[in-house]
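Input: a single structure, listed below in structure tokens.
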Amino acid sequence: MAVRPVVVLPDDRLRQPSVPITTIDDSVRALYQDLVDSMYAENGLGIAALQLGDARRMFIVEPKLAGRPETDPPLAFINPEILSVSDDQQDSEEGCLSFPDIYVKVKRPMRCKVRAMGIDGALFEIEGEALLARCLLHENDHLTGKLLVDFVGPLKRTMIKKKLLKVKGAMSLDSGDDAEA
Ligand SMILES: [Zn+2]
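Numbering-wise (the numbering used here), the sequence shown opens with residue 473 and increments by one.
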């Protein structure tokens, strides 16, 4: 298992449609472990498989944010489905491991309910509020090819792409940020 480089925009792999996982086998468990290692290496709160260039439908979330003990392994969300979102919204800056040092103000529902399969193969449901809801919705967006840049206007999008092309050379020095996912 290994830390793998996070795919950074503009990279078309972030836009590919993700494919459902049918059985939890060794290769899925290996992908989970690579996601765990890569997320911790970048100090992320969550990461989606597409961010490692893998189109399988899975993301993980850091255990404390997911309401688990800090020492628990990160929570795997395999083939996740958003069951419901609240009408009330939250509006704050959001980062992403695929957009180093870029923060975008994104309006999202305050709460959401998600159903997914865990790495043990069992279905579970989780309700997230505030930052957890934001993280779940952000990671789920990755699985549909939706990215933070899709929330901004064309002018800001061009600025972000320019900035990312410039920092790409310095990527190995980037240690990520607590608010990035
Ligand atoms: Zn992200």
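Virtual Cβ for every residue (Gly too), placed ideally from N, Cα, C.
According to DSSP, residues forming a beta bridge with residue i
| i | result |
| --- | --- |
| Arg580 | Gln562 |
| Ser556 | Lys585 |
| Arg606 | None; Arg606 has no bridge partner. |
| Leu595 | Met589 |
| Glu601 | Arg583 |
Proximity test, residue i beta-carbon vs ligand 2 heavy atom, cut-off 7 Å
| i | result |
| --- | --- |
| Leu569 | Ligand 2 is not among the ligands present in this structure, which contains only ligand 1. |
Beta-carbon proximity check, residue i vs residue j, cutoff 8 Å
| i | j | result |
| --- | --- | --- |
| Arg501 | Ile598 | no |
| Pro659 | Asn551 | Because the chain is modelled from 473 through 653, residue 659 falls outside the range shown and cannot be assessed. |
| Val557 | Leu547 | no |
| Gly567 | Cys584 | no |
| Met582 | Asp560 | yes |
| Val578 | Leu627 | no |
| Asp484 | Leu503 | no |
CA-to-CA distance, residue j to residue i, given in whole angstroms
| i | j | result |
| --- | --- | --- |
| Arg629 | Asp622 | 8 Å |
| Leu486 | Ala602 | 25 Å |
| Asp544 | Pro535 | 6 Å |
| Ser477 | Leu507 | What sits at residue 477 in the sequence shown is Pro, not Ser. Going by the C-alpha atoms only, they are around 10 Å apart. |
| Ser570 | Val479 | 6 Å |
| Val475 | Cys607 | 21 Å |
| Phe549 | Gly617 | 16 Å |
| Leu645 | Thr494 | For Leu645, the pLDDT reaches just 42, beneath the cut-off of 50, and the residue's location in the model is therefore unreliable, leaving the point undetermined. |
| Lys593 | Arg580 | Just to set this straight, residue 593 is Gly in the shown sequence, not Lys. Roughly 29 Å between the two C-alpha positions. |
| Leu595 | Ile496 | 12 Å |
| Leu604 | Leu524 | 22 Å |
| Phe531 | Leu609 | 11 Å |
Integer-rounded CB distance, given that residue j should sit under 8 Å from residue i
| i | j | result |
| --- | --- | --- |
| Ala538 | Arg528 | So it is not a contact: roughly 20 Å between Cβ atoms. |
| Arg587 | Leu555 | 5 Å |
| Leu636 | Ile574 | 7 Å |
| Pro482 | Lys633 | 6 Å |
Helix, strand or coil at residue i according to DSSP, with G and I counted as helix
| i | result |
| --- | --- |
| Asn551 | strand |
| Asp483 | coil |
| Phe623 | helix |
| Val508 | helix |
| Glu611 | helix |
| Ile574 | coil |
| Val533 | strand |
| Ile519 | strand |
Closer than 8 Å to chain D by CB, residue i
| i | result |
| --- | --- |
| Cys607 | In the structure shown, chain D does not exist; there is a single protein chain. |
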